[in-house]
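Asker:
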Amino acid sequence: MSQTTSSTPSGDSTAAAPDQQVPQVRKTDAEWREQLTPQEYAVLRNGGTERPYTGEYTDEKTVGVYRCRACGTELFRSETKFDSHCGWPSFYAPLAEDRVRYISDRSMGMTRTEVRCAACDGHLGHVFEGEGYGTPTDQRYCINSISLTLQPERP
Ligand SMILES: [Zn+2]
Numbered sequence: 000m001s002q003t004t005s006s007t008p009s010g011d012s013t014a015a016a017p018d019q020q021v022p023q024v025r026k027t028d029a030e031w032r033e034q035l036t037p038q039e040y041a042v043l044r045n046g047g048t049e050r051p052y053t054g055e056y057t058d059e060k061t062v063g064v065y066r067c068r069a070c071g072t073e074l075f076r077s078e079t080k081f082d083s084h085c086g087w088p089s090f091y092a093p094l095a096e097d098r099v100r101y102i103s104d105r106s107m108g109m110t111r112t113e114v115r116c117a118a119c120d121g122h123l124g125h126v127f128e129g130e131g132y133g134t135p136t137d138q139r140y141c142i143n144s145i146s147l148t149l150q151p152e153r154p
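Below, the structure written as structure tokens:
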């Protein structure tokens, strides 16, 4: 009944995140460069930011799931997308907390919280809170369109 299995399929004993639920996606820099367009690479792998009001999903209303453009992990749902008028797609929560990871970003003379894909470590954007948008979480996940791929929901 309470038999324990001692074999881990991956054999990865160095994993530092025991509660990590999202399968990790690891590729070399060369592999990412081959898979992604130069624009996608600049944001996802180099932490760049697309220019405001230029992303394809900024005003997107379609119901569906937003996946990581690099690895396909489901990151956000359209139900949590809201009109922030900040120039980038904005969500008030990730699809699940285990889909993203947070990194303190002290670049550009301020402290911001960077949001990355938990599976492939790709840069998605930043999260801000307490801005008074009136959403359930009072958070704004400010995400680059180019880091996402919208999968419309089939009726
Ligand atoms: Zn990813």
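Going by numbering that gives the first Met the number 0, the sequence shown opens with residue 0, and the numbers climb by one from there. Yeah, the Cβ is synthetic: ideal placement off N, Cα and C, and Gly gets one too.
Which partner residues of Pro151 appear in the DSSP bridge assignment?
Answerer: Sequence index remark: in the sequence shown, residue 151 carries index 152 (1-based). Answer is Gly63, bridged to Pro151.
Asker: Checking the sheet assignment: what are the DSSP bridge partners for Phe90?
Answerer: The count along the sequence shown starts at 1 and reaches residue 90 at position 91. According to DSSP, which records beta bridges pairwise, Phe90 is partnered with Lys80, Tyr140.
Asker: Measuring CA to CA, which of Asn143, Gly129, Arg44, Cys70 is closest to Asp58?
Answerer: For the purposes of this step, residue 58 is taken as the residue at position 59 of the sequence shown. Selected option, being the one with the closest Cα: Asn143.
Asker: Excluding five sequence neighbours on each side, which residues of the same chain lie with their C-beta closer than 8 Å to the C-beta of Gly129?
Answerer: Walking along the sequence shown from the start, residue 129 turns up at place 130. Cβ neighbours of Gly129 beyond the five flanking positions: Asp137.
Asker: By DSSP's criteria, Cys116 is part of a beta bridge. Which residues make up the other side?
Answerer: If you number the sequence shown from 1, residue 116 lands on position 117. The partner list for Cys116 (beta bridge, DSSP) reads Val99.
Asker: Go ahead and label Gln2 buried or exposed: buried means 16 or more other beta carbons lie within 10 angstroms of its beta carbon, across all protein chains shown.
Answerer: On the sequence shown, position 3 is the one that residue 2 refers to. Residue confidence for Gln2 is low, a pLDDT of 49 falling below 50, so the modelled location carries little weight and cannot support an answer.
Asker: Buried or exposed: which applies to Ile145, given that a residue is buried once 16 or more other Cβ atoms fall within 10 Å of its Cβ?
Answerer: Within the sequence shown, residue 145 is the residue found at index 146, counting from 1. Ile145 should be labelled buried.
Asker: For Pro8, does the count of other Cβ atoms within 10 angstroms reach 16, so buried, or fall short, so exposed?
Answerer: One-based indexing of the sequence shown puts residue 8 at position 9. With a pLDDT of 47 at Pro8, under the threshold of 50, the modelled position of that residue is not reliable, and no figure is offered here.
Asker: With hydrogens ignored, establish whether the beta-carbon of Thr72 is closer than 7 Å to any heavy atom of ligand 1.
Answerer: Stepping through the sequence shown from its first residue, residue 72 is reached at position 73. Answer for Thr72: yes, Cβ within range of ligand 1.
Asker: Please classify Lys80: is it buried, with 16 or more other beta-carbons within 10 angstroms of its beta-carbon, or exposed?
Answerer: Looking up residue 80 in the sequence shown gives position 81. It is buried - the Cβ of Lys80 has at least 16 other Cβ atoms within 10 Å.
Asker: What I want to know is whether the C-beta of Val42 ends up closer than 7 Å to one or more non-hydrogen atoms of ligand 1.
Answerer: As a working mapping, residue 42 is identified with position 43 in the sequence shown. False, no ligand heavy atom lies under 7 Å from that Cβ.
Asker: Excluding the 5 residues preceding and the 5 following Trp31 in the sequence, name in chain order all residues of the same chain whose CB lies nearer than 8 Å to its CB.
Answerer: To locate residue 31, count along the sequence shown from 1; it is residue 32. Excluding sequence neighbours, Trp31 sits near Tyr40, Leu43, Arg44, Ala69.
Asker: In the DSSP assignment, what residue or residues form a beta bridge with Asp104?
Answerer: Sequence index remark: in the sequence shown, residue 104 carries index 105 (1-based). Answer by DSSP bridge pairing, in chain order: Arg111.
Asker: Assuming contact is defined by CB atoms lying nearer than 8 Å, are Glu73 and Val62 in contact in what I supplied?
Answerer: As a first step, residue 73 is located in the sequence shown; it is residue number 74 there, counting from the start. As a first step, residue 62 is located in the sequence shown; it is residue number 63 there, counting from the start. No. Outside cutoff.
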